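First residue of the sequence shown? That's 479 in the working numbering, and the numbers climb one at a time after it.
Quick notes on the structure that follows.
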Amino acid sequence: MLFAGEGWGEGEEKSVLRQRARDLRKNSTNAERHLWYYLRANRLGFKFKRQVPIGDYIVDFACLEKRLIIELNGGQHLHNQIYDTKRADWLKTHPYS
């Protein structure tokens with residue numbers, strides 16, 4: 479029997495990642511907002527999500543059905559090249575393109 483607060487939860491680490499993704503959605507860059515205008519609401523025929531936690535990383539845009547990731551470079555990404563490289567390497571070892 480499981481009680482409130484117990485069970486198969488993802489743990490604190492995943493909760494922090496989801497909260498960070500929410501914060502990134504609230505504070506998106508101009509480029510992210512512009513691209514989201516075209517990606518949202520199936521305008522291109524595919525369902526995209528923005529600031530999506532995948533594994534231990536957050537990607538800018540993802541079409542989960544097609545396992546397609548879109549990352550914008552620049553802005554906050556300039557200072558995180560090591561993180562970006564690790565994320566790209568991880569995504570390449572999983573079926574994302």
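In this text, a Cβ means the ideal position worked out from N, Cα and C, and glycines have one as well.
Nothing here was measured: the structure is a model prediction, and the numbers come from that model.
Closest by C-alpha distance to residue i, when choosing among the options
i    : options                   : result
F524 : I536, E549 and A540       : A540
K564 : H512, E491 and Y535       : Y535
E510 : D538, P573, D562 and Y574 : D538
Three-state secondary structure assigned by DSSP to residue i
i    : result
G528 : According to the sequence displayed, residue 528 carries Arg and not Gly. R528 falls in the strand class under three-state DSSP.
Y515 : helix
L569 : helix
Y561 : helix
Where residue i falls, given that 16 or more other Cβ within 10 Å makes a residue buried
i    : result
L569 : buried
Q559 : exposed
L546 : exposed
I498 : Note that residue 498 is Arg in the sequence shown, not Ile. So R498 ends up on the exposed side.
Contacts around residue i, its chain only, beta-carbon distance under 6 Å, and the 5 residues preceding and following it disregarded
i    : result
L495 : P531
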